[in-house]
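Quick note, the sequences are listed as chains A and B, same order. Here the first sequence is numbered in numbering that gives the first Met the number 0, starting from 0 and rising by one per residue. Here the second sequence is numbered in numbering that gives the first Met the number 0, starting from 0 and rising by one per residue. Quick reminder that beta carbons are idealized off the backbone N, C-alpha and C, glycines included. Note that the structure is a prediction, hence the values are computed from the model and not measured. Remarks on the structure that follows.
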Amino acid sequence: MKRVIFGSSWLPYAFLAPQILIVIIFFYLPAAEAVRASFYLENPFGGGSTFVGIDNYKDVLTDDNYVRVAKFTFWFSLLVTFFSLAIALLLAVKADTVLRGAKSYRILLMWVYAIAPPVAGLIGVLMFDQHVGPITDVAALFGYKMQIGVNYNDTAAAMIIISIWKQVPVNFIFFLSGLQSIPKAVREAAQIDCRSSWRRFWTVTFPMLAPTGFFLLIINITYALFDTFAVIDVVMKNEPGSNPMTLVYKVYLDGFRGSDLGGSSAQSVILMALVLLLTIFQFRMIERRVHYT
Amino acid sequence: MASVTIDHVTKEYSTSGRPAVSDVSLAIAEGEFIVLVGPSGCGKSTLLRMVAGLEKITDGEVRIGDRRVNEVDPADRDIAMVFQNYALYPHMTVRKNMGYGLKNRRLPKAEIEKRVAEAASILQLDEYLDRRPRELSGGQRQRVAMGRAIVREPACFLFDEPLSNLDAKLRVEMRGEIKQLQRRLGTTSIYVTHDQLEAMTLADRLVVLNKGEVEQIGAPLDVYRSPASTFVASFIGSPAMSLLNAASDGSALRIGDVVVASGAGLAAGPVTLGVRAEDFILAPTSGGFAMQVSYVEELGAGRLVHGAVQGQMLTLSISADHPMTDELIIAIDPARLHLFDASSGKRITPRRETAEA
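As structure tokens, this is what we get:
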């Protein structure tokens, strides 16, 4: 890290001010407001609120529906994270060995990344559409009638698949650059030391990808928890009913559709705590290992 | 241990361009230390990598022992390679780095440990066995890379410029160690370098490569004393041999209008005259010619004098005690001059030298 000594004491703060302001306005103030609101019961029709202590939290955590959504969120995040990492890694390893037309391959594999999440969700929904969706047609070939938005499992599967599809390119880019930063000589040394390319991958390439992999793991968990909102929203077509959803979606639903600002705030505070834990874990792990040079 | 035979090997990256390695043949005896030397881009590394199996052979054959290895996987060629930038596995300890190749070959654990311990003690790495590469200095990393090769007890060691990332002092030390180690283990070795001094000091036999072709193969001293071409003459030896445009009239060899040597036995016409810096005679009793001194390099033990004769640059080494003047009268030791064809650059052997031999 480069250290710069400033002559005056206010100058560094002046340089930092824009960033600090942005963080305060868009993060600390809303977060503080959410924490405050989580202890109050808002009147949905305006006109004041009542302090209720931790009642909102009690309600949330004892609510069967909340527990059900939390469970779905867990499995959803696990599957999305695992498959988007695994598929991206497989594609990156394969693309890394392509010699002819490597660039076109890479662009083809990356460009889903450039699509905005709601658009990706829409494309996904079209793929699963009951009348024109090719995936529904394929399922029909096997005698299965897919009903997105009606059948709970079908909807869940569609959400998971679309979310994975949207995230694979991001992971692919990182994995590919991670693979390419492995020195050629190290791979060649491994080629002389180990005949089996499978074994070579797991004993040399994969451990050397660990820093990238760990970084992506955290990014993907965060993605699955929060950034899949748009995909879920589009798949659900505004009909929450008995459809699967993640915790973040439920925060939105309870707060803005159900007008329960207090309960919704309590839910987002819980989520905030979760993210905090995840971040602490990430920094601890990064400090401890995964730094090679 | 085994012999290595390189038989008319060619490497082409594209069918149109000049081949990277062109029709190279070389028979390496068991236990021999061969150094491939040449400027960058001469194909020396490519040749080594073809022996290793990291590069496909376009044409020709490589044999290790009696076995043709063109199609054999690098891991099955029974070779070990030391890379320029060490190529250690950053996530493994020194012990695991050295044992990795053995583990993959399903050697018993006890045997692996024994070999690693042996190599570590030879290379003075005992106390570093549980460290990771990033905690080691450049010299130590190089030793680990060597250790990884030694434990394999291969038929042949391949070195790809292993010392070029080290500083000058360490390089000289490691050079000595590699030489001693190779003597001790008696393993056939092929060593690639662009450093002619490294090549001279290490090699049993030198292979000088230029533009993918072999210029000369021979013991270091033979190559030094009778370079096969002007390329070898200027590449091997420091300072480089002075190469002068001269002309023979059948009886005398002249530079411009100065007679520098007898031209007996030479056909009349232009010729390239080569003289090592140490093969000039200072202040001869007869037949000397004048050299204008342009600058002097002090080396401590002696000095290198750069100057010109008839406008052509040459370098001679003289004792530091010799008084320096702006002009030196010099002559060329007639037994030690080299003649090369003026157009092809190939060595010409005049009759009188053959008569001497």
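- Every beta strand (DSSP E) stretch that sits fully inside the region 23-79 of chain B and reaches 3 residues is listed by chain position as 32-36, 58-63.
- Cβ contact annotation for A:N55 (same chain, cutoff 6 Å, sequence separation greater than five): S37, G261, G262, A265, in chain order.
- Taking C-beta atoms as the reference points, B:C41 and B:L242 fail to come closer than 8 Å.
- Inter-segment contact for the region 268-276 of chain A and the region 0-16 of chain B is absent: fewer than three beta-carbon pairs are separated by less than 8 Å.
- A direct Cα-to-Cα measurement between B:R131 and A:L78 gives close to 35 Å.
- In the structure shown, B:T92 adopts coil according to DSSP, grouped into three states.
- Within the region 164-207 of chain B, the runs of beta strand (DSSP E) that reach at least 3 residues and sit entirely inside it are, in chain order, 187-192.
- For the region 185-216 of chain A, residues whose beta-carbon sits nearer than 8 Å to a beta-carbon of chain B comprise V185, E187, A188, A189, Q190, I191, D192, C193, R194, S195, R198, T202, V203, P206, M207, A209.
- Assigned with DSSP and collapsed to three states, A:D226 falls in helix.
- Closer than 8 Å to the CB of B:L53 there is at least one CB belonging to chain A.
- When rounded, the separation of the alpha-carbon atoms in B:F158 and B:R204 is 15 Å.
- Between B:A202 and the set B:G211, B:Y12, B:S188, the nearest pair of CA atoms involves B:S188.
- At a C-beta separation below 8 Å, A:P182 has these neighbours in chain B: N84, A86.
- For B:N103, the closest Cβ of chain A is nearer than 8 Å.
- In the three-state DSSP reduction, B:E160 falls in the coil class, being neither helix nor strand.
- Contact between B:L128 and B:A118 does not hold, since their C-beta atoms are separated by about 10 Å, which reaches or exceeds 8 Å.
- If you check each beta-carbon in the region 65-76 of chain B against every beta-carbon of chain A, the ones closer than 9 Å belong to D72, P73, A74, D75, R76.
- At a cut-off of 8 Å between beta-carbon atoms, B:G100 makes contact with chain A.
- At a Cβ-Cβ threshold of 8 Å, B:S247 and B:A239 do not count as neighbours.
- Take the alpha-carbon of A:A33 and the one of A:A94: they are about 45 Å apart.
- Distances from the CA of B:V150 to each of B:V50, B:L169, B:I78 were compared; the closest alpha carbon is that of B:I78.
- A straight line joining the alpha-carbon of B:S136 with that of B:L87 spans about 13 Å.
- The criterion of a C-beta distance shorter than 8 Å is satisfied by B:L46 and B:L35.
- For B:H321, the nearest beta carbon of chain A is not closer than 8 Å to its own beta carbon.
- Not a single CB atom of chain A sits nearer than 8 Å to the CB of B:A109.
- When Cβ pairs closer than 8 Å are counted between the two stretches, the region 10-22 of chain B is seen not to touch the region 82-101 of chain A, the count staying below three.
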